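>
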Amino acid sequence: DFTDAASVKNTEAVEVMNALGVINGYTDGSFKPNGNVTRAEMAKMVTFILNGGEDVGPLYSAANVFTDCGYHWARGYIAYASNVKLVAGVGGNKFNPDGNVTGVEAAKMLLCALGYDADAAGYVGTTWASKVLADAKSAGLLSGFARNFDYSAPLSRDNAALMMFNALKAPMVEYSDKGSSITVGGVEIVAGAKAPEKIPAEANNITGTGSSAHEKKYVVDDLYLNLGEDCFDSTGTKGFVATSAEADGFGRPAHEWKYDGDSIGTYAETPDVSYTEQVNAGTIYTDIGKVKSASIVYTIDGVESHVYDSKSDAIKSGNTTDKFGGQGTLTEVFVDDDEITIVEIGTYFGQITKWTKASLDKNGDVIEGKEEKITISGGAGDFKTTAFTADDEDSYVLYTKANGDVQEVIVPETVSGTMSRYTNSEITVGGTKYSRAAHEGTFESIVQDDFDGTYTYYLDTYGNVIGSTVEEAGSTTNYVYVVSMKATNDSFASSTAVQAKVIYTDGKQENVNVNTFKDNKIDSFKDPTKPLDGNGKMQNTTVADAASTWNDDGKGVVNVGKWVSYSTNSDNKYTFTPLGDYADTVSVSGATLTKDSATIAGTSYYLNSKTVVTNIDDNNKVTSFTGLPTKNISYDATSLLITHAKGSLAATAVYAVNQSKGLSTEDVTYAYAFDTTLRVNGKDAAEFIIDGEKVTYITEGETITQGLVYDLTVSDEEVTDATEVTIAPNKYVMSDGDGVLRVKNEVANTTASGTYTQTDDYTVYDATADGDGSTTSLSENDRVTIVLEDGKAAVVFVTAFAE
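To convert, count from 1 in the sequence shown and add 590; that's the working numbering.
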C-alpha cells in the first residue's frame, strides 16, 4: 500500500518486515526504499526483532553510555543494542547515531543477533569486515544481493529489509567455548574459541520434519531454531510462521507468511532457473541438471497451457523445437521431484486512462469495493493501488497480468532521441542498440520513413524497448472526408478531370481537383453505366475504366462517404490515398461515446484526456471537446475517423461528419430550468441554475419546461441540445445526512416514501421563487426536486422552504 511501492525491489522482505512492525513507512504514505538507514535506525530495528516487535527503547533510555546519544531519540535502542553486544561505538565513547549504516555494519549487528560473539568470531581489528561478510554469506544473510554489491556503502531501506528478512530465516548459533581473552602486543584478543554451532529446533520445542526441509526457500520447519521462530514465537497456531501455499496467480509454487493468524502475503518460491529471452527445451534440460522424465505444468500469464501436459519427454537433450518465453518475458522453471513447472510472465505496456479516488464512509474509512484505483488501457482493466494520483492520468506504465487481472504496475524508465536504425528485433537510438520486447505496446516511431522525429522510448524492466511516444514527428498526415466525386469534362481521359467535394477536419468545405489515385480501385468508385450486380448495386470500376463513360450530367457523381489521406502538389491538385497505419474509419450507430468512459463503443480504440473529439454537423458547424465526454454522445453519422499512433489503440482525435447534433464545448450538467419566459436578442431564452449560479442561455428551437432539470449541450451561449434528466420531483424532505436522503410525499405523512443513497458529490441548491440558486442546506418538510445518478441522489434543488 506504499505510495512508492512500484520502486520497492525486495517486496516480500519489505512486506514481512513491515507486518512485524520492524520497519515502517512514513506519514506521507511512502516507504522511500532508496533512502539510507542510519546507525540509530538499524539499532532500533534489530532491537525490535530481538524483542518480538515490542518497543523496549524507553526502558533503556537511562542506560545510554555514548556521549553523542544523551538526548538522541534512539538512545534507548542504542543502549539496549550495546548492552547485548549488538553494536560498538566508533571510538571516543561515541556512536555516531545519525551516520549512515553500511552493509557490513548491518550484517555484523544481525550476526550478533543470531548469537555470533563479536570477540570470539573476530569481528574486531583490521580484518573484521572480511570475517563478518564471510559469516554473513554462510548464514544466508546475503541471499538476494548482487554478486558485486558494495557492502562498504550506505545500506538502503530496501536492502536493509532484505538483510533482516534473511536473518529471520537464518539458524541461530551458540558457543560451547568462547575462548579466553589474552593481550598480545598491547592488543586484547580472544583465543581458543570453538566454532559456534547451530541450535537444534528442539531447543524451542519445535519439531523438525527432516533434512528435506533444508531445501525449502523459507526455514520454518527446519531442524534448527531460526531467529524468526525464537523472537516471534511460532510454536502455536499464531506467531510468525510460513507454510506451503497454493500456486500464486501466475502458477508458481508458493508459500504464505502469517503473523498472529493473519496472512501477510503469498510469495513465489525461488526458481531453479529463469530466463528473460526465448529459450528452448534442450537448454532448460541442461540448466536444471538433466532431470529425467517428468510431468510438465506450463502456464502463460497464469493460464495453463495444454501443449506440454502429456509430453513427459519435452524437456530433453537436444530439443530445440519446443521454445518458451520471449524477449522481455520472464520464464521461470521449478523442479520438484517428478514435476517440472514452467511459468511465463509477460510484461505489457499500457496507459493510465483514468484515476479514481477512494470512497469513504462517514467514519472516513475506505468503503469495501470503492478503493482507490487506476484504469489501464488495452483491455487490462482496473488495478487497486495508492501509488498513483490524478496527475498520473495518461502516463504510460508497465504491467503484468495473471488470468487477465493486473498483478503489478511499474513506472518504466525512458530514453529520448531520434531513431537511426531499426530491424524486426532491434532499435538504435542515440547510438545505443535496444532489443524490441516481445509484447510491444504503443510504437509510434516504427515507420521506415521517419528517422527525423524525436520520440520517448519506454524500457521494460529488462532494458528492452517496449513502446514509444512521439515528442515531435518528422511529418504529419492530412485527412479529408470525401462527400462526392464527379467528372468535370466529357473526355475524363486525364486524372485532372476529377473533382471532389471534401470536408476538412476543421469543418472547412470545398471542391478540389483530384490529381491521381494511388489506389484506383477504391471500393467507393461505382460505375453507373455498368449493369447492376446480383444485389442490385452498382459495380466497382477504376478511373481508367470510367474515363470514356462518365460525364458531368450527374451520372458520374459518386458519394464516397469516406475519410482519406491527401497530399497536394505545386498546382494545388490533390492526391487521395486510403488511410494508413495512423488512422481508421469505423462504422457507428447508437451511443458510441459514454459519459466519463474511455472506451469508444464498437471499436478497439479508447479516449484519454488528450483526445480531441470533433463533430461537423449537417449545417457544417464544428464543435469539439478534449478528453472524456461529460455526457453520452449518440452518433448518427455513418462513420468516424479515429487517428492514432501506429499500433496504438489510444485515439489522438475522433472526427464525425454530418452529425445532426453538435458536441458540448462546456462542461454543463444538471441545469434546473428556473425561468423559461425570457427573450434575448429576439430569441427564446431561459434562466438555469447550474453549479450554484443562475445563467441565461438562448433556447431557440428547444423545448424547455420550467421546473425540470436538463443536461445541456451549449455552444456560444446557445443551447443546441437539451436532454431531460431523471428526477424525483415534488418531494418533502424528512432528513438528510450520513450519506442518505429520506423523503415523503406529503407534509402530514411521516412515513418515508423514498430513501436515496447520496453520491460522493451530493449538493443542495436554492431553487425557490426568490432564491439565488446558491448552495444551501435542507430542513424537514422542505419541498425538493432530486436529480438521480444510478438511483442515488446527486443534486437536490429546493423549490420551497418549509414555513
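All C-beta atoms in this analysis are idealised placements derived from N, C-alpha and C, irrespective of residue type, glycine included. As the structure is a computational prediction, the values presented were derived from the model and not from experiment.
1) State the start and end residues of the unbroken alpha helix (DSSP H) segment that holds Tyr938.
2) Gly647 bridges to which residues according to DSSP?
3) In terms of residues, what are the limits of the beta strand (DSSP E) holding Glu934?
4) Tell me the DSSP secondary structure of Leu610 in three-state form.
5) Applying the criterion that 16 or more other CB atoms from any shown protein chain within 10 Å of the CB defines a buried residue, is Gly1021 buried or exposed?
6) Counting only the same chain and skipping the five closest in sequence on each side, list residues whose C-beta sits under 8 angstroms from that of Ser985.
7) Taking the alpha-carbon of Ser1025 as reference, which of Arg842, Gly1007 and Tyr1047 has the nearest alpha-carbon?
8) With DSSP as the reference, label Lys1163 as helix, strand or coil.
9) How about the stretch 651-658 and the stretch 618-625: do they share at least three Cβ pairs that are nearer than 8 angstroms?
10) Around the Cβ of Thr716, are there at least 16 other Cβ atoms within 10 angstroms (buried) or fewer (exposed)?
11) Are three or more beta carbon pairs between the stretch 908-922 and the stretch 861-879 nearer than 8 angstroms?
12) How far does the beta strand (DSSP E) with Ile1376 in it reach, from first residue to last?
13) If you draw a straight line from the C-alpha of Ala844 to the C-alpha of Tyr857, how long is it?
14) What did DSSP end up calling Trp847 once you bin it into helix, strand or coil?
15) With the cut-off set at 8 angstroms, would you say Ala633 and His662 are in Cβ contact?
16) Go ahead and label Leu758 buried or exposed: buried means 16 or more other beta carbons lie within 10 angstroms of its beta carbon, across all protein chains shown.
17) Taking the CB atoms as reference points, tell me whether Ile1376 and Ala1318 lie closer together than 8 angstroms.
18) Under the rule that 16 or more other beta-carbon atoms within 10 Å means buried, what is Leu815, buried or exposed?
19) Does the count of Cβ pairs from the stretch 668-688 and the stretch 696-715 closer than 8 angstroms reach three?
20) Determine the burial state of Glu1100: buried for a count of at least 16 other Cβ atoms within 10 Å of its Cβ, exposed for fewer.
21) Quick one: what's got a C-beta closer than 8 angstroms to Ser907's C-beta in the same chain, skipping five residues either side?
22) If you reduce the DSSP assignment to three classes, tell me which class Val677 lands in.
23) Taking the alpha helix (DSSP H) that Asp709 belongs to, which residues open and close that run?
24) Quickly, what does DSSP pair Leu1230 with across the bridge? List them, please.
25) So if DSSP puts Asp995 in a beta bridge, which residue, or which two residues, is it bridged to?
26) Using CA atoms only, rank isn't needed, just tell me which of Thr833, Leu745, Ala1392 and Val1388 is closest to Ala696.
27) DSSP on Leu1183, reduced to helix/strand/coil?
28) Apart from the five residues on each side of it in sequence, which residues of its chain come closer than 6 angstroms, Cβ to Cβ, to Asn1054?
29) Distance, Cα to Cα, Ser834 vs Ile613?
30) Can the beta-carbon of Val1323 be found less than 8 angstroms from the beta-carbon of Thr1347?
31) Who are Asn1103's beta bridge partners in DSSP?
32) Identify which residue in Phe739, Tyr706 and Thr628 has its Cα closest to the Cα of Asn686.
33) Taking the straight line between their C-alpha atoms, what separation do you get for Val1176 and Ile1190?
34) Quick check: what's the CA-CA separation for Val1102 versus Tyr1156?
35) Can you tell me whether DSSP reads Trp663 as helix, strand or coil?
36) Could you check where the beta strand (DSSP E) with Ile639 kicks off and where it finishes?
Answer, in terms of the structure:
1) Residue range Tyr938 to Thr946 is occupied by the beta strand (DSSP E) that includes Tyr938, with no alpha helix (DSSP H) assigned at that position.
2) Beta-bridge pairing by DSSP links Gly647 to no other residue.
3) Element bounds for Glu934: Glu929 to Ile935.
4) Note: Leu610 maps to coil in three-state DSSP.
5) By the neighbour-count criterion, in which 16 or more other beta carbons inside 10 Å mark a residue as buried, Gly1021 falls on the exposed side.
6) Around Ser985: Gln941, Ile942, Phe978 and Val1001.
7) The option with the nearest alpha carbon to Ser1025 is Tyr1047.
8) Under the three-state reduction of DSSP, Lys1163 is assigned to coil, being neither helix nor strand.
9) Short answer: they don't touch.
10) Classification for Thr716: exposed.
11) The answer is yes - the stretch 861-879 touches the stretch 908-922, with three or more Cβ pairs under 8 angstroms.
12) First-last of the beta strand (DSSP E) with Ile1376: Arg1373 to Glu1379.
13) So the two alpha carbons sit approximately 5 angstroms from each other.
14) Strand at Trp847.
15) No; because the gap between Cβ atoms is not below 8 angstroms, this pair is not in contact.
16) The residue in question, Leu758, is buried, as its Cβ has 16 or more Cβ neighbours within 10 Å.
17) Ala1318 is positioned such that its CB atom lies closer than 8 angstroms to that of Ile1376.
18) It counts as buried.
19) Taking 8 angstroms as the limit for Cβ pairs, the verdict is that the stretch 696-715 does touch the stretch 668-688.
20) Burial call: exposed.
21) Leaving aside the five residues that flank Ser907 on each side, the residues in its chain whose CB is nearer than 8 angstroms to its CB run, in chain order, Gly872, Tyr875, Thr876 and Lys880.
22) In the structure shown, the three-state DSSP call for Val677 is coil.
23) No alpha helix (DSSP H) contains Asp709, which DSSP labels as neither H nor E.
24) Leu1230 pairs with Val1176 and Ala1246.
25) DSSP, once it has assigned bridges, lists Ala992 as partnering Asp995.
26) With distances taken between Cα atoms, Ala696 lies closest to Leu745.
27) DSSP, read as helix, strand or coil, puts Leu1183 in strand.
28) These residues qualify, in order along the chain: Gln917, Gly918, Ser1025 and Ala1027.
29) Computed Cα separation, rounded: 25 angstroms.
30) Not closer than 8 angstroms, so no.
31) Paired residues: Gln1089.
32) Residue Thr628 is the option with its Cα nearest to Asn686.
33) If you take the alpha carbons of Val1176 and Ile1190, they lie about 10 angstroms apart.
34) Straight-line Cα distance between these residues: approximately 11 angstroms.
35) Reduced to three states, the DSSP call for Trp663 is coil.
36) Where Ile639 is concerned, there is no enclosing beta strand (DSSP E), although the alpha helix (DSSP H) it sits in stretches over Arg629 to Leu640.
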